[in-house]
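S.K.:
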Amino acid sequence: MADGTIGGMGDAEARALFARDGMVVLPGFFSAAEAAEIAQWTKELQAAPEEVGRHWVYWENTRTEPVERVIQRIENFCPFHTGFDRLVRHDRLSAAVSNLLGDRALLFKEKINFKMPRAPGFTPHQDQAAGWSRYAPFFVTAMVTIDATTVENGCLEIAPGWHDKGLLSPEWEPIPDGTVAQMNMQPLPTAPGDVVLFDSFAPHQSAINATAEPRRVLYLTYNAAAHGDQLGAYYADKFAAFPPDVARQPGDKYIFRV
Ligand SMILES: O=C(O)CCC(=O)C(=O)O
């Protein structure tokens, strides 16, 4: 690929770090003004009515007492927000991901994780284990920081150098404790506008948000154009298996696995 610069780092350097670690951190990828705009768009989505046929909103219970129902995440929002659509599908970010994929990046899925105060973290897992192999063999996810992430509010933790060992658990299951014990899970605190690009086989986890403020981040996942546009198929399957709360049938049970 032609060489250039992404987030203050040369394309070739970003590719080399990504190949070595399965992740690359791009501090200040978005300016303070851009990060503030992303935070504003997030508020707009959160305030928009929850309706079947619109963006998908998921709720969860806080992990500690008093148990409250809080927003967990919003998915599938690009078709309903032009600012996000431009940012996610047509801008510098997809170019940065294309550099790592060595091919044009196509959006596979998009979500905002809110991690409200006292909301739970995520057990150690690889995203590829969430049934993604039926769509493509490999993906790159961009985590875009909206609120500063810290150890206290449950920032992303990744084990560098563990992305090249295939699946470390059966699909839909967390990574076994014995395997996790051999890894060096590194907390990655980030500031608004920072981006972390990571491989779909990179093991990661995060802790509960033990602070009084939300910890909102975007996760934008892309696959190489060579593997086709998989977004429609993925979202159709996901809606059937795990619809947003507003589309659920009373009495049906929906289980979040990894
Ligand atoms: O947002 C986090 O704390 C981690 C999210 C995560 O691992 C996931 O959504 O797969």
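So the mapping is simple: my numbering equals the position in the sequence shown, first residue as 1, plus 1.
All C-beta atoms in this analysis are idealised placements derived from N, C-alpha and C, irrespective of residue type, glycine included.
Since the structure is predicted, the reported quantities are computational estimates derived from the model, not experimental observations.
Label D195 either buried or exposed according to how many other C-beta atoms from any shown protein chain fall within 10 Å of its C-beta, with 16 as the threshold for buried.
M.R.: When all chains shown are included, D195 counts as buried.
S.K.: Under 5 angstroms, CB to any heavy atom of ligand 1. Which residues pass, going along the chain?
M.R.: Residues with a Cβ closer than 5 angstroms to any heavy atom of ligand 1, in chain order: N114, F123 and S207.
S.K.: Helix, strand or coil for D238 per DSSP?
M.R.: DSSP places D238 in helix when its eight states are reduced to three.
S.K.: For D148, write down the residues that DSSP places opposite it in a beta bridge.
M.R.: Answer by DSSP bridge pairing: none, since D148 is not bridged.
S.K.: Tell me, which residues are paired with W57 by DSSP?
M.R.: Partner(s): E76.
S.K.: Closer than 8 angstroms by C-beta to E45: which residues in its own chain qualify, once you throw out the five before and the five after it? Chain order, please.
M.R.: Around E45: H82.
S.K.: Once the 5 residues before and after I209 are set aside, which same chain residues still bring their CB inside 8 angstroms of it?
M.R.: If we look at I209 and ignore the five residues flanking it on each side, its Cβ neighbours are R64, T65, R119, A120, P121, G122 and G155.
S.K.: In or out: M2 buried (at least 16 other Cβ within 10 Å) or exposed?
M.R.: At M2, the pLDDT of 43 sits below 50, so the modelled position is not reliable and the matter cannot be decided from this model.
S.K.: Kindly identify the DSSP beta-bridge partner or partners of L107.
M.R.: Paired residues: N224.
S.K.: Out of V98, S170, E61 and A40, point me to the one whose CA is closest to K116's CA.
M.R.: Ranking V98, S170, E61 and A40 by Cα distance to K116 puts E61 first.
S.K.: Hey, quick one: how far does the alpha helix (DSSP H) through S99 stretch, first residue to last?
M.R.: Its alpha helix (DSSP H) spans residues R93 to L102.
S.K.: For S73 and E174, I'd like the C-alpha separation in whole angstroms.
M.R.: Strictly speaking, residue 73 in this sequence is Gln, with Ser absent from that position. Roughly 20 angstroms separates the two Cα atoms.
S.K.: Closer than 8 angstroms is the cut-off here; do at least three beta carbon pairs connect the stretch 81-99 with the stretch 184-192?
M.R.: No: fewer than three Cβ pairs fall under 8 angstroms.
S.K.: Check each candidate in Y59, S32 and E35 and name the one with the smallest Cα separation from R249.
M.R.: Per the Cα distances, Y59.
S.K.: Per the DSSP calculation, T142 is bridged to which residue(s)?
M.R.: F199 and T222, per the DSSP bridge assignment.
S.K.: Considering just the uninterrupted stretch of the alpha helix (DSSP H) at V247, what are its terminal residues?
M.R.: Per DSSP, V247 belongs to no alpha helix (DSSP H) and is neither H nor E.
S.K.: Are the beta-carbon atoms belonging to Y236 and N77 less than 9 angstroms from one another?
M.R.: Yes. Within cutoff.
S.K.: DSSP puts P188 in a beta bridge; with which residues?
M.R.: Note: P188 sits in a beta bridge opposite E158.
S.K.: Please report the straight-line C-alpha distance between R70 and F31, rounded to a whole angstrom.
M.R.: Those two C-alpha atoms are separated by around 32 angstroms.
S.K.: If you count every other CB in all the chains shown that lies within 10 Å of the CB of A20, and 16 or more means buried, which is it?
M.R.: With fewer than 16 Cβ atoms within 10 Å of its Cβ, A20 is classed as exposed.
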